[in-house]
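If you're matching them up, the sequences are chains A and B in order. Sequential numbering of the first sequence, starting at 15, is according to this note's numbering. Sequential numbering of the second sequence, starting at 102, is according to this note's numbering.
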Amino acid sequence: RKEVEQDPGPFNVPEGATVAFNCTYSNSASQSFFWYRQDCRKEPKLLMSVYSSGNEDGRFTAQLNRASQYISLLIRDSKLSDSATYLCVVNMPDSWGKLQFGAGTQVVVTP
Amino acid sequence: DVKVTQSSRYLVKRTGEKVFLECVQDMDHENMFWYRQDPGLGLRLIYFSYDVKMKEKGDIPEGYSVSREKKERFSLILESASTNQTSMYLCASRDRGLEQYFGPGTRLTVT
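And the structure:
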């Protein structure tokens with residue numbers, strides 16, 4: 015079983031709509047969680063950290079559910095520029111800061 | 102802004118060749134990482150370094166070695182390239198936080 019699992023998509027979303035997707039992680043002791051964004055043929059970049067209480071950054075909302083071991087990302091009012099692959103990233107416990115990356119969820123926003 | 106650069110964007114090598122991939126960061130970060138990214142598998146950690154001349158194996162170190170003679174530079178070496186090492190190679194660096202900053206990647210093809 016993969017340590018971090020994501021639905022690969024693609025999620026095809028009309029411009030202006032809302033899209034949400036989840037990521038599950040296997041290690042219940044994981045402490046830190048992140049969403050990275052990766053554009054086609056580009057490097058991953060940090061989108062946002064995920065806090066226990068949930069957090070928003072503009073049109074993006076991240077949630078953490080420790081009991082069920084998943085994190086989610088919701089994008090409101092989707093823009094064409096939101097088209098990308100979103101990587102779920104989990105910090106491994108008892109490590110030096112090792113990050114475990116999911117394979118990514120592809121989002122395609124259409125006009 | 103943090104800048105991480107990699108020596109080549111695209112590289113084609115023959116089976117059995119020795120390959121050097123170089124990575125340079127300009128933010129005096131202590132920690133540097135080498136990943137490979139393959140479709141459906143996400144980013145997998147090959148090696149990392151937390152200081153000059155220090156290195157630790159990641160999840161898939163077989164067939165690779167690294168060198169860190171200066172703080173800003175972290176090199177990945179394929180001693181004898183094989184076709185299963187065809188991949189996208191991403192270098193990253195970070196300071197004391199968990200956010201990693203990635204270089205643009207090197208797409209290596211081994212024929």
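Quick reminder that beta carbons are idealized off the backbone N, C-alpha and C, glycines included.
Classification of residue i by the beta-carbon crowding that lies within 10 angstroms, buried from 16 upward
{"i": "Q126(B)", "result": "buried"}
{"i": "C54(A)", "result": "exposed"}
{"i": "F47(A)", "result": "buried"}
{"i": "S188(B)", "result": "buried"}
{"i": "W135(B)", "result": "buried"}
{"i": "L142(B)", "result": "exposed"}
{"i": "F175(B)", "result": "buried"}
{"i": "Q45(A)", "result": "exposed"}
C-alpha distance - residue i paired with residue j, whole-angstrom precision
{"i": "D152(B)", "j": "S108(B)", "result": "21 Å"}
{"i": "K93(A)", "j": "P24(A)", "result": "16 Å"}
{"i": "V121(A)", "j": "D96(A)", "result": "7 Å"}
{"i": "K158(B)", "j": "V64(A)", "result": "28 Å"}
{"i": "E199(B)", "j": "T184(B)", "result": "As written in the sequence, residue 199(B) is Leu, which differs from the Glu given in the question. Using only the alpha carbons, I get a separation of about 33 Å."}
{"i": "L87(A)", "j": "L78(A)", "result": "9 Å"}
{"i": "A193(B)", "j": "G68(A)", "result": "27 Å"}
Nonlocal neighbours in the same chain, by C-beta distance under 6 Å from residue i, ignoring five residues either side
{"i": "T119(A)", "result": "Q20, D21, G23, F35, Y100"}
{"i": "V113(B)", "result": "T210"}
{"i": "K104(B)", "result": "D127"}
{"i": "Y111(B)", "result": "R208"}
{"i": "K172(B)", "result": "V153"}
Beta-carbon proximity list for residue i, same chain, < 7 Å, skipping 5 on both sides
{"i": "R195(B)", "result": "H130, N132, Q201, Y202"}
{"i": "D91(A)", "result": "G30, R73"}
{"i": "P28(A)", "result": "T124"}
{"i": "C102(A)", "result": "V18, Q20, C37, W49, I85, G116"}
{"i": "K59(A)", "result": "Y50, R51"}
{"i": "E118(B)", "result": "A182"}
{"i": "R145(B)", "result": "Y136, R137, D160, I161"}
{"i": "P205(B)", "result": "Q107, R110"}
{"i": "K156(B)", "result": "Y148, S150, V167, R169"}
Close-in-space but distant-in-sequence residues of the same chain around residue i (CB under 8 Å, 5 per side omitted)
{"i": "K154(B)", "result": "R169, E170"}
By the 9 Å beta-carbon criterion, what residues does the stretch 162-181 of chain B contribute toward chain A? none
Taking Cβ-Cβ distances below 8 Å as the criterion, which residues of the stretch 87-115 of chain A are in contact with chain B? L101, N105, W110, G111, K112, L113, F115
Can you list, in chain order, the residues of the stretch 185-204 of chain B whose Cβ is nearer than 7 Å to any Cβ on chain A? L191, L199, E200, Q201, F203, G204
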